[in-house]
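Following: one structure in structure tokens, then a few remarks.
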């Protein structure tokens with residue numbers, strides 16, 4: 012097979028998959044830094060396992076799955092989680108509710124975790140959020156690989172392109188994990204609330220078949236709108252000093 | 116059982132913390148689903164509403180929280 016043909020199949024699969032993997036990574040990192048790396052890891056591994064099983068069992072039949080319905084449900088859930096977190100973070104920054112005393116919380120959590128079994132200390136909601144993100148974005152990667160590879164008869168090269176993208180994103184995630192863990196929790200929750208709300212709006216729109224301008228790039232705009240809204244919210248909620 | 120309870124608590128936490136905000140959000144989403152189902156308004160208008168209305172509801176919620 013000519014090299015040009017291989018590149019023409021694997022490169023689009025790599026680039027398109029990269030975008031989807033980055034979206035999944037964003038949510039997994041958000042879960043990791045706020046709800047614990049164990050929950051993020053369990054959700055991710057479970058998501059990958061479900062995807063692998065689905066691919067092996069169904070293969071190209073996967074295209075018949077109503078991904079729009081899945082995106083709509085996950086989008087609405089993320090919007091509710093994100094908005095709740097963002098509202099709390101805004102009220103904390105505005106001084107309406109107390110800031111988290113992270114040292115005190117750490118000590119309390121450490122003491123309570125010592126009394127719990129490993130299974131009980133798993134944050135189920137965090138794991139489910141990571142699982143949902145991995146399944147939704149992973150399914151999109153599967154569709155991309157099938158669309159790019161099946162029409163050109165080069166499924167193997169398209170899969171290799173997607174696998175390479177997955178490796179690059181996982182590597183970036185492992186590198187980002189350390190620095191992210193050192194960011195103060197309140198700042199993280201503010202940022203994560205903005206991101207979850209943005210993803211919630213984006214996926215709800217995808218589920219309702221809205222054509223976002225610029226496709227995935229519009230996520231940056233949506234997240235930007237929520238960031239500005241959150242900053243405006245802090246200014247509005249902050250008590251006036253007379 | 117505990118895990119399910121924690122998920123339900125997180126899911127409906129917004130309804131407990133600010134019932135009005137959660138109701139507004141649910142109403143916006145239900146309205147947009149209906150608008151899409153009956154093809155009311157253009158897709159761009161609906162996308163704009165999907166982004167703007169939850170943001171506005173959030174601002175109203177934090178403004179309400181400021182009032183003693």
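Residue numbers (our numbering), protein chains in the order written: chain W, 12 to 253; chain S, 116 to 183. We put the beta carbon where it would ideally sit given N, CA and C, even for glycine. Remember, it's a predicted structure, so these values are computed and weren't measured experimentally.
ask   = Within this structure, are the beta carbons of residue 176(W) and residue 28(W) separated by less than 9 Å?
value = Taking the first residue of the first chain as position 1, residue 176(W) is located at position 165. Taking the first residue of the first chain as position 1, residue 28(W) is located at position 17. Cβ distance < 9 Å, so residue 176(W) and residue 28(W) count as in contact.
ask   = Apart from the five residues just before and just after residue 207(W), which ones in its own chain have a Cβ nearer than 7 Å to its Cβ?
value = The residue you call residue 207(W) lines up with position 196 of the first chain. So the list reads 41, 89, 92, 93 and 96, once near-sequence residues are dropped.
message = Rounding to the nearest angstrom, what Cα-Cα distance links residue 241(W) and residue 167(W) in this structure?
response = Numbered from its first residue, the first chain carries residue 241(W) at position 230. Numbered from its first residue, the first chain carries residue 167(W) at position 156. Rounded to whole angstroms, residue 241(W) to residue 167(W) spans 45 Å at the Cα level.
inquiry  = Any beta carbon of chain W sitting closer than 9 Å to that of residue 136(S)?
reply    = As a first step, residue 136(S) is located in the second chain; it is residue number 21 there, counting from the start. Answer yes: the Cβ-Cβ gap between residue 136(S) and chain W drops below 9 Å somewhere.
query = What does residue 94(W) touch in chain S if you count any residue whose Cβ is under 9 Å from its own?
reply = By one-based count along the first chain, residue 94(W) stands at place 83. By Cβ distance, chain S contributes 129, 136, 137, 140, 169, 172, 173 and 176.
ask   = residue 58(W): which of 224(W), 46(W), 139(W) and 211(W) sits nearest, CA to CA?
value = Against the first chain, residue 58(W) aligns to sequence position 47. Comparing Cα-Cα distances from residue 58(W) to each of 224(W), 46(W), 139(W) and 211(W), the minimum goes to 139(W).
key: Pairwise C-alpha distance: residue 218(W) and residue 151(S)   = Counted from its first residue, the second chain places residue 151(S) at position 36. Counted from its first residue, the first chain places residue 218(W) at position 207. Rounded to whole angstroms, residue 151(S) to residue 218(W) spans 10 Å at the Cα level.
task = Return the first residue and the last residue of the alpha helix (DSSP H) that residue 176(S) is part of.
result = As a working note, residue 176(S) is residue 61 in the second chain. Start and end: 158 to 181.
Alpha carbon of residue 232(W) to alpha carbon of residue 87(W), nearest angstrom = Within the first chain, residue 232(W) is the residue found at index 221, counting from 1. Within the first chain, residue 87(W) is the residue found at index 76, counting from 1. When rounded, the distance between both Cα atoms is 19 Å.
key: As assigned by DSSP and simplified to three states, the class of residue 134(S)   = Within the second chain, the letter at position 19 stands for residue 134(S). The answer is helix: DSSP assigns residue 134(S) an H, G or I state.
ask   = What are the uninterrupted segments assigned as beta strand (DSSP E) that are 3 or more residues long and contained completely in the region 147 to 194 of chain W, given in chain order?
value = none
query = residue 256(W) and residue 183(W): beta carbons closer than 9 Å?
reply = In the structure as shown, chain W begins at 12 and stops at 253. Residue 256(W) is therefore absent and cannot be evaluated.
ask   = Over what stretch of residues does the alpha helix (DSSP H) that includes residue 237(W) continue unbroken?
value = Mapped onto the first chain, residue 237(W) falls at position 226. First-last of the alpha helix (DSSP H) with residue 237(W): 229 to 248.
inquiry  = Suppose you measure from the CA of residue 251(W) to the CA of residue 175(S); what does that come to, to the nearest Å?
reply    = Within the first chain, residue 251(W) is the residue found at index 240, counting from 1. Within the second chain, residue 175(S) is the residue found at index 60, counting from 1. Cα to Cα, residue 251(W) sits roughly 17 Å from residue 175(S).
query = Taking the C-alpha atoms as reference points, what is the distance between residue 170(S) and residue 128(S)?
reply = Within the second chain, numbered from 1, the residue matching residue 170(S) stands at position 55. Within the second chain, numbered from 1, the residue matching residue 128(S) stands at position 13. Distance between the alpha carbons of residue 170(S) and residue 128(S): 18 Å.
query = If we call anything under 9 Å between Cβ atoms a contact, is residue 188(W) one with residue 134(W)?
reply = Indexing the first chain from 1 puts residue 188(W) at position 177. Indexing the first chain from 1 puts residue 134(W) at position 123. Not closer than 9 Å, so no.
query = Under 9 Å between the Cβ atoms of residue 210(W) and residue 109(W)?
reply = Within the first chain, numbered from 1, the residue matching residue 210(W) stands at position 199. Within the first chain, numbered from 1, the residue matching residue 109(W) stands at position 98. Going by C-beta atoms, residue 210(W) is not nearer than 9 Å to residue 109(W).
query = Taking Cβ-Cβ distances below 7 Å as the criterion, which residues of the region 149 to 161 of chain S are in contact with chain W?
reply = 151, 158 and 161
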